[in-house]
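Per the numbering used here, the sequence shown starts with residue 53, numbered consecutively.
Just so it is clear, CB atoms sit at the ideal spot from N, CA and C, and this is done for glycine as well.
In what follows, a structure is listed as structure tokens, so that the remarks can point back to it.
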Amino acid sequence: MIRQLLAPRYKLNLIQKVTYSTGNKEVNFGHASKRLLRILLPEKKNIALATGCLLVSSGITMAVPFSLGKILDLIFEKQEQNDSKQKLQKLCGVLGVVFLIGGFANFARIYLFNTSSLRIVNKLRKDLYKKIVSQELGWFETRGTGELVHRLANDTHLVGNSLSQNLSDGLRSTIMLSIGTGMMLYTSPTLTLVSLLVCPLLAGFAIINGRFIKKMTKQIVDKNADISKNVEESLGNIKTVKQFSKEAFESTKYSGFLNDLMSLSYKEIKAKSAFFGMAGFTGNFIIISVLYYGGNLVITDSLSIGELTSFVLYTAYTAISINGISTFYTELNKGLGSSERLWEIIDRVAPVPIDQGHVPSVPPEGNIVFENVSFCYPSRPQNNILSNLNLILKANKSYAIVGKSGSGKSTIANLILRLYDSDSGVIKLDNNDIKSLNPVWLRNCIGAVPQEPVLFSASIRDNIVYSLPDDASVDEQYLNEVLKLSSVDEFVQRLPDGLQTLVGQRGVMLSGGQKQRIAIARALINNPKILIFDEATSALDTITEEAVQKSIDQIKKGRTVLTIAHRLSTIRNVDEIIVLDNGSVCEVGHYDELILKPNGYFKDLVKNQAFLVD
């Protein structure tokens, strides 16, 4: 079985490429609107069918005033009583059937638009999440988890709503407005002209108001994202909050965020209230004008009672439709404001694309070379971590990197994994620039145990096999061997559910040492050619560390091993110790050689116990 461990398996699990059109960061109304409409293309058949149902239901709804006018004229006509009753009965019967059809069409309209909305939001969230997790690690340094979760949950919902129910209501209002205006012109052109005099003023106000609401919505969306980020950080670090008695401080900070949000929301509500107030006044003014002028026409027998009634109802429907269009315009601007933040993420091309790069036909030997490498983290561009670093790690040998805190030890591990790209210089794996290699292939060749391992809220088994390619099956015998090598079997045997034991969020149900042993098993399960241990035994007691270290010594055979060390026991038996000082290599050699070097930097570190504990 040890031979099996010493013969690494290499499987490639490439992520499918997803292409998006590149857009401008400052998205104008026309561009954003067209882009939103493009999202509807996969649902064009359902949208077309829903629009057909919308035409039927709206047409039937707009037939009500005309039918009511005919009924009133029929009632007031001087005809035989039986003839009037028969005509009334026949007309009402026909209307009953027509209204039944309208009810079914309205049901189909709402169902089709809303189910399309579910699929649109679902796809948008999938695409957005795929794009988020595809970004390089440095991108996440300036964005909180709460903010990204808010984008996925709230912003996508707003965009989906603006393209479904809101679009349905907007189309319905537009159709009703068109039919209503046409029927008003058919009934009385002069009366129509009087009633529509104030509409241009309302339309101009709607455009100005809509742009303001779009701007406010964008600010509100950003503020909500900040609030989500703050809540996620506070609750995610609740132990620290409790430890330092910062409950009141966090509550005050949260209240401040909410107060800022309230101020922005007040401005948005004031704008919406002003618009709807003007829209309501306009609608009522139109009705009063129609009643006054139309009443005079009835008195002079220029218009019948039924025609006036129909006209008044069409006026009311038209006013409601204008209000509906204004609501549609407002909600559309909300969707546009939310979509701009989504496009910024979706359009972003990651500097380290996971679906590109060369995939070698053979496994790597494990030779790693740093040539004049300089690097600073994207969030701290003024703070240089590595400066013209030159380093050679030969295949099948073990190395330990030591140095004071902040000297760049963990940064070297991050660069080998290509979690970041160097600012200058070249990092090679077997004479291949790692920037030319496919990151998925590269990381499948490396097993890494971080200084602070984080587990998923799943079972112990799920956390261990997480590093395997998606299409890889688990060899149970091999898994058991890994459990022994990482000493996971020692504590798993005492758990009632064994490997199926749930670890809780971030592994909260386990001790630090248990989490670290699981992280070691997770790194070993894929049999990588290169192993990186970033203080992998820092949370283990002395006895457990000794057992795990012996296991690591066995696994080292046939692999390139890089250990970021914190204890003398970890580095005594490595082939070479690399000593860092201010981001550069200052000493290289075996432990016995460096400890005897007069005035040596390594010797001084050990003497002063600046970073090592025996």
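Legend entry - N-terminal and C-terminal residue of the beta strand (DSSP E) that Tyr-451 is part of: Boundaries of the beta strand (DSSP E) harbouring Tyr-451: 450 to 455, taken from the DSSP string.
Inset, instruction - Kindly indicate which three-state DSSP category Leu-219 falls into: helix, strand or coil? - result: helix
Inset, instruction - State the DSSP-derived secondary structure class of Ala-465, mapped to helix, strand or coil. - result: helix
Inset, instruction - Consult DSSP for Val-534 and reduce its assignment to one of helix, strand or coil. - result: helix
Legend entry - Same chain, Cβ closer than 7 angstroms to Lys-567, neighbours up to 5 away in sequence not counted: Pro-505, Leu-507, Gly-559
Inset, instruction - For Tyr-306, collect the residues of the same chain with a Cβ closer than 8 angstroms to its Cβ; drop the 5 residues on either side in sequence, then sort them by chain order. - result: Ile-279, Asn-282, Val-283, Ser-286
Legend entry - Buried or exposed by the 16-neighbour rule on C-beta atoms within 10 Å, applied to Lys-96: exposed
Legend entry - Phe-156 (DSSP reduced to helix, strand or coil): Look at Phe-156 here: in three-state DSSP terms it is helix.
Inset, instruction - Using only alpha-carbon positions, find the residue among Tyr-369, Val-492, Phe-585 that is nearest to Ser-186. - result: Val-492
Inset, instruction - Can you have a look at Lys-77 and say buried or exposed, based on whether 16 or more other CB atoms are within 10 angstroms of its CB? - result: Note on Lys-77: pLDDT 42, under 50, position unreliable in the model; the coordinate value appears next. Burial call: exposed.
Legend entry - Boundaries of the beta strand (DSSP E) in which Ser-525 is found, first to last residue: Looking at the DSSP string, Ser-525 is not in any beta strand (DSSP E), and its letter there is neither H nor E.
Inset, instruction - For Lys-608, name the three-state secondary structure that DSSP assigns. - result: coil
Inset, instruction - Measure the C-alpha to C-alpha separation of Phe-654 and Glu-628 and round it to an integer number of angstroms. - result: Put simply, the backbone Cα of Phe-654 is about 13 angstroms away from that of Glu-628.
Inset, instruction - Would you identify the three-state DSSP class for Ser-280, choosing helix, strand or coil? - result: DSSP places Ser-280 in helix when its eight states are reduced to three.
Inset, instruction - Leaving aside the five residues before and after Ala-157 along the sequence, list all residues of the same chain whose C-beta is less than 8 angstroms from its C-beta, in chain order. - result: Cys-105, Leu-106, Val-108, Ser-109, Ile-112
Legend entry - Status (buried if at least 16 other CB within 10 Å, exposed otherwise) for Thr-612: buried
Inset, instruction - Just the C-alpha distance for Ile-582 and Pro-416, rounded to the nearest angstrom, thanks. - result: 9 angstroms
Inset, instruction - Please classify Thr-379: does DSSP put it in a helix, a strand, or coil? - result: helix
Legend entry - Counted within 10 angstroms of its Cβ, other Cβ atoms place Met-314 as buried (16 or more) or exposed: exposed
Inset, instruction - Determine the burial state of Cys-144: buried for a count of at least 16 other Cβ atoms within 10 Å of its Cβ, exposed for fewer. - result: In this structure Cys-144 is exposed. Its beta-carbon is surrounded by fewer than 16 other beta-carbon atoms within 10 angstroms.
Legend entry - Unbroken alpha helix (DSSP H) run spanning Lys-480, endpoints: It is not in any alpha helix (DSSP H) - Lys-480 instead sits in the beta strand (DSSP E) that spans 476 to 481.
Inset, instruction - Determine the DSSP secondary structure at Leu-657, reduced to helix, strand or coil. - result: helix
Inset, instruction - Determine the DSSP secondary structure at His-642, reduced to helix, strand or coil. - result: Here His-642 sits in coil by DSSP.
Inset, instruction - Give the DSSP-derived three-state secondary structure of Asn-166 in the structure shown. - result: helix
Legend entry - DSSP state of Gly-499 mapped onto helix, strand, coil: strand
Inset, instruction - Name the two residues that bound the continuous beta strand (DSSP E) containing Leu-583. - result: 582 to 586 is the extent of the beta strand (DSSP E) around Leu-583.
Legend entry - Whole-angstrom distance between Lys-270 and Val-411, CA atom to CA atom: Taking the straight line from one Cα to the other gives about 42 angstroms.
Legend entry - Cβ shell of Asn-515 (< 7 angstroms), same chain only, five flanking positions each side left out: Leu-507, Phe-508, Val-555, Ile-570, Arg-574
Inset, instruction - Measure how close the beta-carbons of Leu-170 and Ile-374 come, nearest whole angstrom, since I'm counting them as under 8 angstroms. - result: About 30 angstroms separates the two Cβ atoms, so there is no contact after all.
Legend entry - CA-to-CA distance, Leu-237 to Gly-121, given in whole angstroms: Just so you know, the alpha carbons of Gly-121 and Leu-237 end up roughly 15 angstroms apart.
Legend entry - Cβ-based burial, Phe-301 [other Cβ within 10 Å; buried from 16]: With fewer than 16 other Cβ atoms within 10 Å, it is exposed.
Inset, instruction - Could you name the residues that DSSP lists as bridge partners for Asn-484? - result: Per DSSP, Leu-481.
Legend entry - Same chain, Cβ closer than 7 angstroms to Ser-525, five either side skipped, listed in chain order: none
Inset, instruction - Indicate the three-state DSSP secondary structure (helix, strand or coil) for Ser-307 in the structure shown. - result: helix
Inset, instruction - For the beta strand (DSSP E) containing Ile-420, list its first residue and its last residue. - result: Unbroken beta strand (DSSP E) run through Ile-420: 420 to 427.
Legend entry - Euclidean distance between Cα positions of Leu-648 and Val-293: 47 angstroms
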